[in-house]
Amino acid sequence: MSIKNILPGKLGFGAAPLGNMFRNIPEEEAVATVAAAWNSGIRYYDNAPFYGAGLAEIRMGNVLSQYPREDYVISSKVGRVILDEIEDVSARDLGEKGDVFKYGRPNKIVNDYSENATLRSIEDSLKRLNTDYLDIIWVHDVAQDFFGDEWLSYFESARKGAFKVLDRLRDEGVIKAWGLGVNRVEPIELLLDLDGPCPDGFLLAGRYTLLDHDRALQRLMPEVTKQGLGIVAGGPYSSGALVGGPNFEYAPATPEILLKVAKIKAIADRYGVSMKSAGLQFALANPAVAAVIPGASKPSRLAEDSAALEAIVPADFWKQLRNDGLVNPAAPLPVDK
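The following block contains the structure:
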């Protein structure tokens with residue numbers, strides 16, 4: 006089943022910040038943020054054991070468990086098992102993400118894409134999220150940004166383990182859908198080329214945004230559409246760079262990225278368009294994109310996201326972006342509909 010038939014709306018909630026991403030978020034602020042997401046009408050919530058070594062799942066589960074389970078959709082991820090054992094957080098090797106979750110729980114994180122680890126990961130997530138079932142499972146970060154030259158061997162491990170068991174769980178009705186949750190296009194392309202198993206969609210973070218969309222546009226989106234699948238676009242604000250933050254791709258933004266942001270913002274200001282509206286509506290204009298899931302760690306951000314999605318953006322704004330070469334000329338824009 007395509008994830009397009011499962012997701013309850015165009016706007017979801019990305020829970021990575023709840024794992025103390027970049028900063029130590031007070032418990033009451035985290036709880037208030039999830040409650041604000043619910044109160045703003047969001048009914049799709051994405052999480053992962055990796056986010057703060059289980060912290061984000063625990064925090065989300067504490068809030069969502071008070072609502073009827075059939076009223077919302079949860080996705081979480083496999084590929085990492087969180088142990089009771091404590092480790093030196095500063096010594097973790099997290100690939101390009103460095104110390105993104107250094108303020109999370111100090112529990113040991115083990116990379117494992119085998120069948121047994123996949124099943125264990127799901128069981129552990131159910132406990133932390135305080136729920137009886139998960140709707141969607143993404144196989145997490147089986148890509149170059151975490152494993153460098155070894156990524157293909159991890160992908161092969163997932164192909165023999167996680168992919169097959171998730172395919173079976175989906176066919177048995179234990180979960181509704183599965184796919185990859187990655188920050189790179191290549192693993193998705195590789196999976197789409199296989200004869201089986203058969204994913205239902207993908208969570209692609211940071212690769213279909215206003216600031217970075219060329220590769221996904223040319224190589225991925227047409228095939229996803231052709232196969233009747235869907236993409237959840239994660240990180241639509243490019244780690245905050247699009248909306249004035251200092252980071253792009255979990256690291257300080259380069260001068261080139263900051264210049265592109267400045268050019269887009271100058272046009273946005275001219276037309277009275279918020280950068281959040283530009284980012285969310287750009288991603289959703291592609292027919293392959295089923296939903297966007299910006300992350301949030303403050304309650305006020307949720308109202309901003311909802312308003313940004315509904316805001317009327319002048320057609321001339323999009324035309325100006327295209328004319329100035331700030332988007333790929335082949336990228337679908339809301340003005341094209």
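Residues 6 to 342 in the numbering used here are what the sequence shown spells out, letter by letter. C-beta: ideal position from N, C-alpha, C; glycine also.
Residue interval of the beta strand (DSSP E) (run including Asn112) | Unbroken beta strand (DSSP E) run through Asn112: Asn112 to Asn116.
Round the Cβ separation of Lys107 and Leu88 to the nearest angstrom and send it over; I've been treating them as touching at under 8 Å.
-> 18 Å between Cβ atoms; not a contact.
If you draw a straight line from the C-alpha of Ile262 to the C-alpha of Lys268, how long is it?
-> If you take the alpha carbons of Ile262 and Lys268, they lie about 10 Å apart.
Mind reading off the beta-carbon distance from Ser279 to Ala313? Whole number of angstroms is fine, and I expect it under 8 Å.
-> Approximately 6 Å separates the beta-carbon atoms of Ser279 and Ala313; this is inside 8 Å, confirming the contact.
Confirm, please, whether the CB-CB distance from Gly250 to Thr214 is below 8 Å.
-> Judged by their CB atoms, Thr214 and Gly250 are not nearer to each other than the 8 Å cut-off.
Per DSSP, which one or two residues make a beta bridge with Leu408?
-> Limits of the chain in this structure are 6 at one end and 342 at the other, which puts residue 408 out of reach.
Those residues which DSSP pairs with Lys4 across a bridge = The displayed coordinates of the chain run from 6 to 342. Any statement about residue 4 would go beyond what the structure contains.
Using three-state DSSP, classify Ile87 as helix, strand or coil.
-> DSSP places Ile87 within a strand segment (E or B) once states are collapsed to three.
Local Cβ density within 10 Å of Asp205, reported as buried at 16 or more and exposed below that | Answer is buried; the Cβ neighbour count reaches 16.
Could you give the DSSP three-state label for Ala58: helix, strand or coil?
-> Ala58: coil per DSSP, three-state reduction.
Should Asn52 be labelled buried (16 or more other beta-carbon atoms within 10 Å of its own) or exposed?
-> The residue in question, Asn52, is buried, as its Cβ has 16 or more Cβ neighbours within 10 Å.
Cα-Cα separation, Asn252 to Val237 | Spanning the two alpha carbons is a distance of roughly 21 Å.
Which partner residues does Ile298 have in the DSSP bridge list?
-> For Ile298, which the question treats as bridged, DSSP gives the partners Gly239.
Anticipated Cβ contact below 8 Å, Ala42 with Phe18, distance rounded | Contact flag correct, Cβ pair sits at about 4 Å.
Any chance you could list the alpha helix (DSSP H) runs of at least 4 consecutive residues sitting entirely within the region 13-72, in chain order?
-> Complete alpha helix (DSSP H) runs here, min 4: 32-44 and 60-69.
With C-beta atoms as the reference, is Trp143 less than 8 Å away from Gly178?
-> It is not a contact, given that the beta carbons lie outside the stated cut-off.
Nearest-angstrom Cα separation, counted from Ala221 out to Gly109 | Cα to Cα, the separation comes out at about 31 Å.
Within the region 288-341, ranges of the alpha helix (DSSP H) (whole runs, at least 4 residues) | Annotation: the region 288-341 contains the following complete segments of the alpha helix (DSSP H) (minimum length 4 residues), in chain order: 304-315 and 320-328.
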